[in-house]
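Notes for the one structure printed next.
2 protein chains.
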Amino acid sequence: MVDPRPVTAPRMSAAEEAAWVRLIAVTELLPGALDAQLLRDARLTHFEYRVLMVLADSENQTSGMTRLASHTNSTLPRLSHVVRRLEDRALVERFPCPEDRRATNARLTDAGRAVFAEAGPGHIETVRDFVLDALSPEQLDQLYAISGSLLGRLDPEGRMTATSCSRAPASV
Amino acid sequence: MVDPRPVTAPRMSAAEEAAWVRLIAVTELLPGALDAQLLRDARLTHFEYRVLMVLADSENQTSGMTRLASHTNSTLPRLSHVVRRLEDRALVERFPCPEDRRATNARLTDAGRAVFAEAGPGHIETVRDFVLDALSPEQLDQLYAISGSLLGRLDPEGRMTATSCSRAPASV
DNA sequence: CGATCTTGGTTGTCCCTTCAACCAATCGGA
DNA sequence: TCCGATTGGTTGAAGGGACAACCAAGATCG
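Heads up: the protein sequence lines correspond to chains A and B, in order. Residue numbers for the first sequence, in the numbering used here: 1 to 172. Residue numbers for the second sequence, in the numbering used here: 173 to 344.
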């Protein structure tokens, strides 16, 4: 209780704080940048884009809601709202699953496929501009390993399979 | 037009896609994890916490709105709303800047200082659990460099100074 | 087979962010 | 000195996400 320092932020080591501050900045700025480009060029949220992408990569362009939610790192309520909106825009259609009558399937429509196909190249280019082209091949590997470690903490059970990526626990 | 492949996501290289997918997952999961802990333990958003932190680190616990916005990677409208809410909770007070009569200053109140001081240790611990302790010292340096490169693309003018961190362009 | 638990999903409400519009003060010339 | 442009900031409406409540269908077990 004799510490004379003024009230200030609790400190980590300098290296830790520097890395942490930058990581936070990236997590704040990147989503907005992706959304901005996709909304401008394709009237699509980045999250909506990923929903369409998972469907495009699924058998018959069809997936159950729960699987779709885990492949987009999303909650079921969130996904339900988003799919309803996409359905209103006729990019996706929902129908009851034949095998399990509790389940709902979402399927990409022709219009949805067209929108997704048209949005793809511009989005990829944006990802290159903002991320991939900024990193060396070694840094890409490092990013893969680092993100893997963080996901091991953020999503220990590996529920968020994200995509077909087989989430081996962060071995370089 | 003779490409026989089914409609599918435009592809990057395997290494690029793998790293990209994981980065996206981190940017989706990390903010929620931080918000959850702070809301539970201190009724504070991570963004609100950072507003309080910047004020705590400012001279006289006071800062103009524009400076506060750039130090929190935020827009002015967003900050304005948040500061109004914090003011409603008496954690912050606003008053006109004496030197520039257009400007508004925000100052941390005693209550705000107390809430921030109480929230700090738990938050730092969470950051350790989710991020810092998951990485080796080398990875921490790599993360610093990688994030720096990305910020060079996401915020070229360096408007988002984030904190006192002097944003030298991503030299390791 | 009936009671209960779990799984799969939707809906409504609240809160926060975004965006556009707006206003006041200051600066920069002509 | 006056007018336009820029800076600093607020506000209101609109849209998306989180959470809790809810419901229906399958599974489990007596």
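Note that beta-carbon positions come from the ideal geometry of N, C-alpha and C, so glycine has one too.
| Check | Outcome |
| --- | --- |
| Listing by chain order, which chain B residues have their CB less than 7 Å from the CB of residue 79 (chain A)? | Those do not exist, as residue 79 (chain A) stays about 13 Å from chain B at its closest Cβ, beyond 7 Å. |
| So if DSSP puts residue 268 (chain B) in a beta bridge, which residue, or which two residues, is it bridged to? | B:276 |
| Which class does residue 75 (chain A) belong to by DSSP, given the choice of helix, strand or coil? | coil |
| Give me the Cβ distance between residue 288 (chain B) and residue 224 (chain B), rounded to the nearest whole Å; I'm assuming they're in contact under 8 Å. | 4 Å |
| Using the Cα positions of residue 78 (chain A) and residue 185 (chain B), report the straight-line distance between them to the nearest angstrom. | 30 Å |
| Quick check: what's the CA-CA separation for residue 200 (chain B) versus residue 73 (chain A)? | 7 Å |
| To the nearest angstrom, report how far apart residue 147 (chain A) and residue 125 (chain A) are at their CA atoms. | 22 Å |
| Could you tell me which chain A residues have their CB closer than 9 Å to the CB of residue 245 (chain B), listed as they occur along the chain? | 24, 25, 28 and 29 |
| Which residues does DSSP pair with residue 298 (chain B) in a beta bridge? | Looking at the DSSP assignment, residue 298 (chain B) forms no beta bridge with any residue, so it has no partner. |
| So, is residue 32 (chain A) buried or exposed, given that buried needs 16 or more other C-beta atoms within 10 angstroms? | exposed |
| Does the count of Cβ pairs from the region 99-111 of chain A and the region 129-140 of chain A closer than 8 Å reach three? | no |
| Would you kindly work out how many angstroms separate the C-alpha atoms of residue 16 (chain A) and residue 104 (chain A), rounded to a whole number? | 45 Å |
| Going by the DSSP bridge assignment, what does residue 64 (chain A) pair with across the sheet? | A:105 |
| Can you name the residues of chain B whose CB is closer than 8 Å to the CB of residue 35 (chain A)? | Within 8 Å Cβ-Cβ: nothing; residue 35 (chain A) doesn't reach chain B, min ~12 Å. |
| Does the structure place the region 277-287 of chain B close enough to the region 258-265 of chain B that three or more beta carbon pairs sit under 8 Å? | yes |
| Please identify the residue among A:150, A:127, A:133 and A:132 whose C-alpha is closest to the C-alpha of residue 307 (chain B). | A:150 |
| Could you have a look at residue 329 (chain B) and say whether DSSP puts it in helix, strand or coil? | coil |
| Is there at least one Cβ from chain B nearer than 7 Å to residue 70 (chain A)'s Cβ? | no |
| Hey, how far is the Cα of residue 36 (chain A) from the Cα of residue 25 (chain A)? | 17 Å |
| Spell out whether any CB of chain A is found under 7 Å from the CB atom of residue 216 (chain B). | no |
| Taking beta-carbon pairs under 7 Å, can you tell me which members of the region 294-311 of chain B lie near chain A? | 296, 299, 301, 302, 303, 304, 306, 307 and 311 |
| Residue 55 (chain A): buried (16+ other C-beta within 10 angstroms of its C-beta) or exposed? | buried |
| Please go through the same chain and pick out, in chain order, the residues whose beta-carbon is closer than 8 Å to the beta-carbon of residue 118 (chain A), but skip the five residues on each side of it. | 42 |
| Could you tell me which chain A residues have their CB closer than 9 Å to the CB of residue 325 (chain B), listed as they occur along the chain? | 33, 129, 130, 131, 133 and 134 |
| Rounded to whole angstroms, what is the Cα-Cα separation between residue 153 (chain A) and residue 69 (chain A)? | 20 Å |
| Rounded to the nearest angstrom, what separates residue 23 (chain A) and residue 191 (chain B) at their Cα positions? | 15 Å |
| Any beta carbon of chain B sitting closer than 7 Å to that of residue 19 (chain A)? | yes |
| Which of helix, strand or coil does DSSP assign to residue 131 (chain A)? | coil |
| Identify the contact partners of residue 188 (chain B) in chain A, using a Cβ-Cβ distance below 7 Å as the criterion. | 132 and 140 |
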